[in-house]
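Novice:
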Amino acid sequence: MKKKKLLVFCLDALCTDDLEFMKTLPNFKLFFENGSMVRHIEPIYPSFTYPCHCAIITGNNAGKHGVPHNAIVSVEDEDAPWYNMRSSIKCDTIMDVAKRNGFSTCSLSWPVSGAADIDLNMPMIVPLNYSGYNPLQFLEGTSTQELLDRYYWKHGRYIKGKDRNLDLYTMALATDIIQDYHQPDVMLVKMCDLDTVRHIHGIKNDFVKEQLRKHDEELGVLLESVKRYGDYENTNFVVLGDHGQQDITKTLNMNVVLKENGFIRTDENGKLIDYDAYCHSVSLSAWIQLKNPEDKEMHDKVYKFLLDLKDDPTYNIGYVFTKQEVKDQYGLEGPLDFVIEGKEPMAFGTTLRELDFFRVYLPEGQHANKASHGHLPFRDETTTFLAFGPSVKQGVVIERSKMINEAPTMAAMLGFEMENVDGEVLTEILR
Ligand SMILES: [Zn+2]
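Note that this note's numbering numbers the sequence shown so that position 321 is 321, with each residue one more than the last.
This is the structure we're talking about:
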């Protein structure tokens, strides 16, 4: 039997709500006509980019794969480094297992993949705010040298300067690689811009439609590249997202709340002196970390305080979980003792400075984003999963499933198994 191939086109912040419009676009349409889908994919908790990308390729929740946040958060380090390196993931990825099974592998702009053992690897690793002309400094040693030698001289320009665009770079590499290597067996191609557009403009608007059109054009180029230079008939194509987003109207500065109630001490400039409980933002959810979790009395005091906040409509807290509850219910482990989330979608800020508007909320007009994520997996918007190819049935629609099932299902398309994972194979959609 001829070896099957897999090409995953991942759109950051692709929402279930996008499906109706995608049906009208020439390339996404092929998935509805020829393949199967899961309408609602519940991400892992938190629905954050890096934890979810790790879930997509490992089949595991954050506690098991080891990447619970984009950044390695700590109370001491406000500018915490991001989880850039593959070594942060504590288990196999589908790329590891594919390679062990004799497949060639290629990963483009996937988070947490620095220095991964992938044949052709270009990780998402240049810092978000970098606008200089030497992105190579971040790619050397973390990307495959062969890939840099072959392509950086001609496509590196896309990721230089203030208007750099990672999606252009990723697409230029993807098409060249499909042509030059006759399509690596397993390819991950990750796009960023839909997420950016949603953060800036909100989840539903014409900017989002315009961006989906661009992604449809990119998909068309990938499909045509595979037709011309790869093995189209033997390829399973997958379109998926890492999380949805939710529109937000306010940001609660939880550390100001903790400070006003005596759990945080600062100097007159708002610099942290000491704390009993501190908030890390995961955008639409927040982690409360105790300085001394062994102090049962303080633990119970903070827990009661959070439950009281939930009862006070001023704060719009809808969910309070203990460390044990998020571990049992969502497989989430991290530097946290409690997790809280808004009743209505609400972002969490971490400033320690006094605010004069409504005491604890960020002043109107100062929100960084109109929409965001980091929320509980079951809350709208969810993301979605579309597939077609030789291993995929035609016309099956699963209404709801989980992100952790994607890696085992994609592995099954290739004919191997992901062992000891939280997720399971979605056999209903497979031939
Ligand atoms: Zn994302």
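A virtual CB, placed ideally from N, CA and C, is assigned to each residue, including glycine.
Here the structure is a predicted model, which means the values were calculated and not measured.
Between 44, 424, 125, which has its C-alpha nearest residue 412's C-alpha?
Specialist: The residue given as residue 412 occupies position 412 in the sequence shown. Nearest option by C-alpha distance: 424.
Novice: When the Cβ atoms of the segment 174 to 194 are set against those of the segment 102 to 118, are three or more pairs found closer than 8 Å?
Specialist: Flag = yes, the segment 174 to 194 and the segment 102 to 118 touch.
Novice: Quick check on the burial criterion: 16 or more other C-beta atoms within 10 angstroms. Buried or exposed for residue 74?
Specialist: In the sequence shown, the residue the question calls residue 74 occupies position 74. Looking at its Cβ environment, which holds fewer than 16 other Cβ atoms inside 10 Å, residue 74 is exposed.
Novice: Tell me which same chain residues have a C-beta within less than 6 Å of the C-beta of residue 348, skipping the five on either side of it?
Specialist: Counted from its first residue, the sequence shown places residue 348 at position 348. Only 252, 254, 281, 286 meet the Cβ criterion.
Novice: Run the CB neighbour count on residue 131, radius 10 Å, all protein chains shown included, and call it buried at 16 or more, exposed below.
Specialist: By one-based count along the sequence shown, residue 131 stands at place 131. The residue in question, residue 131, is exposed, as its Cβ has fewer than 16 Cβ neighbours within 10 Å.
Novice: Measuring CA to CA, which of 52, 157, 335, 370 is closest to residue 190?
Specialist: As a working note, residue 190 is residue 190 in the sequence shown. Comparing Cα-Cα distances from residue 190 to each of 52, 157, 335, 370, the minimum goes to 52.
Novice: So which of 239, 309, 342, 27 has the shortest CA-CA distance to residue 250?
Specialist: Position 250 of the sequence shown, counted from the start, is the residue given in the question as residue 250. That would be 342, whose Cα lies nearest to the Cα of residue 250.
Novice: Would you tell me roughly how many angstroms separate the C-alpha atoms of residue 159 and residue 165, rounded to the nearest one?
Specialist: Locating residue 159 in the sequence shown gives position 159, counting from the first residue. Locating residue 165 in the sequence shown gives position 165, counting from the first residue. Those two C-alpha atoms are separated by around 6 Å.
Novice: Determine the contact status of residue 391 and residue 4, defining contact as a CB-CB distance below 7 Å.
Specialist: Taking the sequence shown and counting its residues from 1, the one referred to as residue 391 is at position 391. Taking the sequence shown and counting its residues from 1, the one referred to as residue 4 is at position 4. A contact, by the Cβ cut-off of 7 Å.
Novice: In chain order, what residues of the same chain have a beta carbon less than 7 Å from the beta carbon of residue 399, not counting five sequence neighbours either side?
Specialist: Taking the first residue of the sequence shown as 1, we reach residue 399 at position 399. Taken in chain order, the residues that qualify are 39, 40.
Novice: Just reading off the alpha helix (DSSP H) that residue 321 is part of, what are its end residues?
Specialist: Reading the sequence shown from its first residue, position 321 is the one you call residue 321. No alpha helix (DSSP H) contains residue 321, which is instead part of the beta strand (DSSP E) from 317 to 322.
Novice: Measuring only the C-alpha atoms, how far is residue 46 from residue 338?
Specialist: As a working mapping, residue 46 is identified with position 46 in the sequence shown. As a working mapping, residue 338 is identified with position 338 in the sequence shown. Between residue 46 and residue 338, the C-alpha separation is close to 13 Å.
Novice: When the Cα atoms are used, what is the spatial distance from residue 358 to residue 69?
Specialist: For the purposes of this step, residue 358 is taken as the residue at position 358 of the sequence shown. For the purposes of this step, residue 69 is taken as the residue at position 69 of the sequence shown. With a pLDDT of only 48 at residue 358, under the threshold of 50, the placement of this residue in the model should not be trusted; the figure read from the coordinates follows. Computed Cα separation, rounded: 29 Å.
Novice: Curious, which full-length alpha helix (DSSP H) runs of at least 4 residues does the segment 223 to 285 contain?
Specialist: Segments of the alpha helix (DSSP H) lying fully in the segment 223 to 285: 254 to 260.
Novice: Alpha carbon to alpha carbon, what distance is there between residue 225 and residue 397?
Specialist: Position 397 of the sequence shown, counting from 1, holds the residue named residue 397. Position 225 of the sequence shown, counting from 1, holds the residue named residue 225. Roughly 28 Å separates the two Cα atoms.
Novice: Quick check: is any heavy atom of ligand 1 less than 6 Å from the C-beta of residue 176?
Specialist: On the sequence shown, position 176 is the one that residue 176 refers to. No - ligand 1 has no heavy atom lying nearer than 6 Å to the Cβ of residue 176.
Novice: Give me whichever residues DSSP pairs with residue 402 in a beta bridge.
Specialist: Position 402 of the sequence shown, counted from the first residue, corresponds to residue 402. DSSP, once it has assigned bridges, lists 42 as partnering residue 402.
Novice: Sort 99, 28, 245 by Cα distance to residue 416 and report the nearest one.
Specialist: Your numbering for residue 416 matches position 416 in the sequence shown. Answer by Cα proximity: 99.
Novice: Which residue comes first and which comes last in the beta strand (DSSP E) that contains residue 4?
Specialist: Residue 4 sits at position 4 when you count from the first residue of the sequence shown. It is not in any beta strand (DSSP E) - residue 4 carries neither H nor E in the DSSP assignment.
Novice: Which of the three DSSP states is assigned to residue 416 in this structure?
Specialist: Position 416 of the sequence shown, counting from 1, holds the residue named residue 416. Three-state DSSP puts residue 416 in coil, outside helix and strand.
Novice: Whose CA, out of 154, 82, 168, 143, lies closest to the CA of residue 129?
Specialist: The residue given as residue 129 occupies position 129 in the sequence shown. Among 154, 82, 168, 143, the Cα nearest to that of residue 129 belongs to 82.
Novice: May I ask which residues mark the beginning and end of the alpha helix (DSSP H) holding residue 63?
Specialist: To locate residue 63, count along the sequence shown from 1; it is residue 63. Note, residue 63: alpha helix (DSSP H), 62 to 65.
Novice: Applying the 10 Å Cβ sphere with the 16-neighbour rule, what's the burial state of residue 356?
Specialist: Counting from 1 along the sequence shown, the entry for residue 356 is found at position 356. Note that residue 356 has pLDDT 46, beneath the 50 cutoff, so the model's placement of it is unreliable and no number is given.
Novice: Under the criterion of a Cβ to heavy atom distance below 6 Å, does residue 167 qualify as lining ligand 1?
Specialist: As a position in the sequence shown, residue 167 is number 167, starting the count at 1. Checking every heavy atom of ligand 1 against the Cβ of residue 167, none is found closer than 6 Å.
Novice: When the distance is taken between beta carbons, is residue 13 closer than 7 Å to residue 108?
Specialist: In the sequence shown, the residue the question calls residue 108 occupies position 108. In the sequence shown, the residue the question calls residue 13 occupies position 13. No, the pair does not count as a contact, with Cβ atoms beyond the cut-off.
Novice: Using a Cβ-based criterion (distance less than 6 Å to any ligand heavy atom), does residue 49 qualify as near ligand 1?
Specialist: Stepping through the sequence shown from its first residue, residue 49 is reached at position 49. Correct: residue 49 has its Cβ closer than 6 Å to ligand 1.
Novice: Just tell me which of 340, 212, 330 has its CA closest to the CA of residue 302.
Specialist: As a first step, residue 302 must be located in the sequence shown, where it is residue number 302. That would be 340, whose Cα lies nearest to the Cα of residue 302.
Novice: Of the residues 387, 353, 20, which one's Cα is nearest the Cα of residue 270?
Specialist: As a first step, residue 270 is located in the sequence shown; it is residue number 270 there, counting from the start. Closest option to residue 270, Cα to Cα, is 353.
Novice: For residue 262, does the count of other Cβ atoms within 10 angstroms reach 16, so buried, or fall short, so exposed?
Specialist: If you number the sequence shown from 1, residue 262 lands on position 262. With fewer than 16 Cβ atoms within 10 Å of its Cβ, residue 262 is classed as exposed.
Novice: For the structure I just gave you, are there three or more beta carbon pairs, one from the segment 326 to 337 and one from the segment 57 to 67, closer than 8 Å?
Specialist: Flag = yes, the segment 326 to 337 and the segment 57 to 67 touch.
Novice: Taking DSSP as the reference, what is the three-state secondary structure of residue 305?
Specialist: On the sequence shown, residue 305 is found 305 positions in, with the first residue counted as 1. Residue 305: helix per DSSP, three-state reduction.
Novice: Could you check if residue 242 belongs to the surroundings of ligand 1, using beta carbon to heavy atom distance under 6 Å?
Specialist: Locating residue 242 in the sequence shown gives position 242, where the first residue counts as 1. Yes, Cβ of residue 242 sits closer than 6 Å to a heavy atom of ligand 1.
Novice: Out of 351, 201, 371, 118, state which residue places its alpha-carbon closest to the alpha-carbon of residue 87.
Specialist: Here residue 87 refers to the residue found at position 87 when the sequence shown is read from its first residue. It is 118.
Novice: I need the boundaries of the beta strand (DSSP E) containing residue 122, first residue and last residue.
Specialist: Locating residue 122 in the sequence shown gives position 122, counting from the first residue. Unbroken beta strand (DSSP E) run through residue 122: 120 to 122.
Novice: Compare the C-alpha of residue 161 against each of 127, 112, 373, 30 and name the closest.
Specialist: Sequence index remark: in the sequence shown, residue 161 carries index 161 (1-based). Taking only the C-alpha atoms, the option nearest residue 161 is 127.
Novice: Is it the case that the CB of residue 18 approaches a heavy atom of ligand 1 more closely than 6 Å?
Specialist: Residue 18 sits at position 18 when you count from the first residue of the sequence shown. No, the Cβ of residue 18 stays beyond 6 Å of every heavy atom of ligand 1.
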